[in-house]
Amino acid sequence: MALRSLCPIRYHLSRISCLRYKHFWASTRTFNFLRLLKLCRAEEDLKQVYSLLVVHGLNGDELLLGEFFRSCFHLGTTYLALSAFRRIEKPRLGFQNLMIRCLCQYGLHDDVLRLYLHCRSLGCPSDDFTFPSVIKACTALGDSRTGKELHCLVLRTGFERNLVIQTALADFYAKSGRIRSARYLIDRMPEPDLVSWNALISGYSLNGLDWEAVEAFRRIFVMGLKPNLSTLASMIPVCTRLGWIEVGKSLHGFAVKCGYSMIAFLVPALISMYAGDMDSCMSRNLFDSVPQKNTTVWNAMISAYTQMEMPKEAFVMFLSMLRSDIQPNLITFISIIPSCANLSSLSYGESIHASAIRHGSANQVPVSTVLLSMYAKRGDVVSASYIFSQMPNRNRLSWNSMISGYVYNGVWEFGLDAFSEMQFEGFNPDEVSIVSITSACSKLEALLLGKSIHAFSLRKGYESNLNVSNALLAFYASCQKLSSCFKLFYKMPIKTTVSWNTLISICIHNREMETAATVLHQMQKQGLELDPVTLISILPIFSDRKFMGQGMAFHCYSVKSGFSEDVSLINALVSMYCNCGDLDAGTLLFEVVPEKSVVSWNSMMTGFRYHSLYEEVMVLFGRMIRDRKRPNHITLLNLLPACYNRLQGKSVHAFAIRTGIIRETPFLTSLIIMYARFDDIRFCRMLFQMGEKEDTSMWNSIMSVHIQTKNASKAIVYFSNLLQMGLEPDNLTVLSLVSACVQVNSLKLANSVMAYLICKGFDKEVTISNALIDLYARCGNISTARKLFDRLTGKDDVSWSVMINGYGLHGDGKAALDLFMAMELSGMKPDGITFLTILSACSHSGLADEGRRVFHSMAEHRISPRPEHYACLVDLLARTGNLMEAYEIVKGLPFKPSTSLLEALLGACSIYGNVELGEKIGRKLFDLEPENSRAYVMLHNVYAGAGRWTDAEKVRSEIEKRRLRKIPGFSLFLGDEPYDKEFG
């Protein structure tokens, strides 16, 4: 009795061994063995029972062996069942089907195929119970070759009319991506049932053929069938992808009505659907409604939080899953790891990584891939590369993720190397690879390599892929190949709003404003709706006051289209209004932004700085700090010009060091310019030494500082050192060099510089040619200046103005007037600067009549004279002795005359001896600036020149009475050397 209570299986075994053989087997052998199998609780029990079956020759009994197989699978000892089955020399069909069915039921699909092939080799046939399970195993494993062979065998053995087998084959073809074959099988069925249609709908859903899935779903109702749980589980993801949330909610209601809503099989699809609608409450309610949550339900909720960009909630859900003793699987880690890229600390991702290692999932290719993507997005390229190097079996997705990680972090050369290595490993690049590597070529401006990528995409047939086409458009734009952009664009078979936006942005970036407007018009003619990106791209066109009306029209369109809450668009509109000079409209728009981003504050501050309203910049910065927005380098770039003194500038400098912004090259160059304003050249040089010497903008800034401080020789030395480092100067460098040459005023140096610029091809740039014309004119070689002007093909208004000014500097007013007339005949309209230069030329040459005509012709060109134009005319009339006419102009000025203008007229009175007029002008000067000693001295000279010594003595007494001092003059000595060769 004690033995029976302690171990029932051993008690029964001992009874069997004690009973006499014939009597026992004659009556109860099968029954007793069945009882023994039901009493088995461990692997050892099963082994003892199987040994007894072998001893007594019962290992061929179909009933007993079948029960033994079931017990093995129930206790998780599959290998015992397989071992026992392989001992059978010629397994019967029933044994085969039983084993295959059990293996398939427990998800052991590899064993299903191995066992089936073993049975085939032993000559065991197949029937309508064998084929469905084996086909299901091929579907699960994605073994298309074996699946097709099974289909051929089904046709040969005459089982093709069996509905279950046909459904299994349809499911196999649908899930392996051969949708046409699946649909062909369904169409051949005389009366496909709901299971058959579910297999087709599931295949459509898995392959992203959502509209086909909808049509198949409609056919179910047409045929009078009622959807079941499998139908809903396939259709709800379709509704999610199509954005048919209301339809999905209707299906949810149908599921509730049918009693399916609490089934864990359906809940994950519903959670994902509500997550797509950003309804976190409903997703969480569904999750909480499931009493017994399996891994799939937990995964769905974690994935939902990740999808809704709620990384902290996803992380907490993952921790709750672990506390509930639910083991995470591959899908769990694939769902949670992307959330870690959006969390503030890298420690979250590292802890998930550690958990993946602990649960044995870290070495699985999908998990390793998302891990390296997570590290790459966090900027830890070293960790991403290490994970990638440790992956035993890389796939194309892994390579794409690594290439994308390199490109995302700006290590483009590594991305190119990985792209080459990927092909050496035997993986052909796909569309994702092409997009990533094209982006790297764009950043590196590698034109030849990018063209090779374009040719590769054409050869592989990727040119029809929209993402590839858009990436190639961006590549050609970065290489300044606008014509190639248009050729590619018009060859694209499909163009979406993204494509048009890309082309508009390219035109704006290349300052082709009219072309951008034309592209926009064509886009509207195609019937495409403008989105916020289109509006943001096109708004820079309207940065002039004369185009503000069109900009306002686009503002109205954005409000009408419901884009008025888009912060990025509002920022672009603020910039547009500020650039057009309507600061009130820009400020009003800025103030109504509910959640101002750093870009919002920067846009408004840039507008104030653009109009030199530095006090407003400082006030706005104070508000930004109180709003707890962290300034970036753009904010500080706006602050630096607003600094009133060196102390304020040093404060901004200190903040930049504390926050790490000091590393930004644009900010460093602005700091250099700020310190130059306060004549702190020592700090400028120190900052230059800190910066990236490989960046040409750093050299441009230090050269500009030395030119600004009249130390042109040092600027030329810096240019020499730039060349010695092997760097290529840009247009700004060359313009600074020419400005330095103007200050040095050496014709020999000018010839050397021009030879270098011609050699490097800079002379083809209009702005640089204009600077060279001005250089030679100021160095005294007006003939060379004219040759450069005549050879210039694309002359702009600056070209004409510079050449006219050159003649004026040389006192050749007639040549300047002839050139001015030629400019008008060429169709080029003169602007205010051109009129200023020609008036100045007339003044230097004493051409009063011509100067009057030029001044009065400004009205014909609809140009309002500014103070400097009046000053030139007054100076011209005063120089030519027309003092009263000049004085009448001064009296009729629409603004208050400047001190310099009156002093020039007073000086002319001294030359021409007009004492009465001199007295009037002197009194005006005394009223304007009573403490200005120059006016008293000049009036004294007028009286002295006319012999009125008494009046002259009175003026001298007034100077002594007011204790005014004459500003002493100074002389400037220039050495023999054209420039100092010492490096500063």
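Under full-length UniProt numbering, the sequence shown has 950 at position 950, and the numbering climbs by one with no breaks.
Ideal Cβ placement from N, Cα and C applies to all residues, glycine included.
Check	Outcome
Inter-residue spacing [alpha-carbon to alpha-carbon] between Ile-437 and Ser-181	36 Å
Segments assigned alpha helix (DSSP H), at least 4 residues, entirely inside the stretch 877-933	883-891, 899-912, 915-928
Among Asn-770, Lys-495, Lys-814, Leu-817, nearest to Asp-797 - alpha-carbon criterion	Asn-770
Cβ neighbour criterion (16 or more within 10 Å) applied to Pro-227	buried
Asp-875 burial status per 10 Å Cβ neighbour count (16 or more: buried)	buried
Beta-carbon proximity of Ser-739 to Ile-707, cut-off 8 Å	yes
Secondary structure of Phe-265, DSSP reduced to three states	coil
Expected contact under 8 Å - CB spacing of Ala-642 and Arg-677 to nearest Å	The pair is not a contact, with the Cβ atoms about 11 Å apart (cut-off 8 Å).
Cα-Cα separation between Trp-949 and Tyr-943, rounded to whole angstroms	7 Å
Closer than 8 Å to chain C by CB, Lys-491	Checking the listed chains, one finds no chain C in this structure; it contains a single protein chain.
Residues near residue 985 in its chain [Cβ-Cβ closer than 7 Å; skip 5 each side]	This structure gives no information on residue 985, because the portion of the chain shown stretches from 1 to 984.
Residue closest to Phe-475, alpha-carbon to alpha-carbon, out of Leu-229, Ile-504, Leu-444	Leu-444
Alpha-carbon spacing of Asn-465 relative to Leu-488, whole angstroms	13 Å
Three-state class that DSSP yields for Gly-649 in the structure shown	helix
Minimum length 3: unbroken beta strand (DSSP E) runs contained in the stretch 468-517	none
Glu-529 - DSSP class collapsed to helix/strand/coil	coil
Given 8 Å, three or more beta-carbon pairs between the stretch 596-606 and the stretch 549-566	no
Within 8 Å, strictly: CB atoms of Met-576 and Phe-542	yes
Status (buried if at least 16 other CB within 10 Å, exposed otherwise) for Asn-645	exposed
Residue span of the alpha helix (DSSP H) that contains Asp-210, given as start and end	210-222
Supposed contact pair Leu-906 and Met-938 - C-beta distance, whole angstroms, cut 8 Å	5 Å
Contacts around Asp-695, its chain only, beta-carbon distance under 7 Å, and the 5 residues preceding and following it disregarded	Thr-665
Which of helix, strand or coil DSSP assigns to Ser-433	helix
Neighbour-count burial assignment, Leu-972, 16 or more Cβ in a 10 Å radius	Legend: pLDDT at Leu-972 = 39, less than 50; position of this residue unreliable, value from coordinates given subsequently. Flag for Leu-972 reads exposed.
Segments of 4+ residues assigned as alpha helix (DSSP H) that fall wholly inside the UniProt repeat "PPR" (831-865)	832-845, 848-857
Nearest-angstrom Cα separation, counted from Glu-514 out to Ser-401	40 Å
Where His-521 falls: helix, strand or coil (DSSP)	helix
Outcome for Gln-307 when other beta-carbon atoms lying within 10 angstroms are tallied against a minimum of 16	buried
Cβ-based burial, Asp-110 [other Cβ within 10 Å; buried from 16]	exposed
Whole alpha helix (DSSP H) elements within the UniProt repeat "PPR" (796-830), 4-residue minimum	797-809, 813-825
Residues of its chain near Leu-242, where Cβ-Cβ distance is below 7 Å and the 5 sequence neighbours each way are ignored	Asp-210
Cα-Cα separation between Lys-525 and Met-552, rounded to whole angstroms	21 Å
With 16 other Cβ atoms within 10 Å as the buried cut-off, status of His-844	buried
Asn-294, enclosing alpha helix (DSSP H) - first and last residue	That residue, Asn-294, is in no alpha helix (DSSP H); it is neither H nor E in DSSP.
Alpha-carbon to alpha-carbon, Ser-368 and Leu-141	21 Å
Distance between beta carbons of Ala-269 and Pro-291, contact taken as under 8 Å	Not confirmed; about 18 Å, so no contact.
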